[in-house]
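Each residue of the sequence shown is one higher than the one before, counting from -11 in the working numbering.
Glycine included, each C-beta is placed from N, C-alpha and C at the ideal position.
What you are looking at is a predicted structure, and each value in this text was computed from that prediction instead of being measured.
Here's the structure we're looking at; comments come further down.
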Amino acid sequence: MLKPLSRKELIRKFRALGYSGPFSGGKHQFMIEGSHKIRIPNPHIGDIDVSLLKEILRQAGISSEEWEEA
-11 MLKPLSRKEL IRKFRALGYS GPFSGGKHQF MIEGSHKIRI PNPHIGDIDV SLLKEILRQA
49 GISSEEWEEA
């Protein structure tokens, strides 16, 4: 089950899934794995909400199960 998480934890989990970065670019930083490029939310107060996390995972093609195992 997905739950809110910090930006730092989001980056850690994406690195565990083989992504490199974050790199600077435009208004948001991004991470890359092969041909996948995902935008990382800018630092802000509080955790990243489940709805935003679901959208990021959808764009990256990562299932909830894969995410939980990372």
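Nearest C-alpha to I28 among R(-5), S52, D35: R(-5). Pairing E21 with L5, the inter-Cα distance amounts to about 9 Å.
Here the C-alpha atom of Q47 lies approximately 18 Å from the C-alpha atom of G14.
It is roughly 31 Å from the alpha-carbon of I33 to the alpha-carbon of S23. Looking at F11, I26, R3, S8, the one whose alpha-carbon comes closest to that of L45 is I26.
Between the C-alpha atoms of I50 and K1 there is a straight-line separation of about 11 Å.
According to DSSP, H24 shares a beta bridge with E21.
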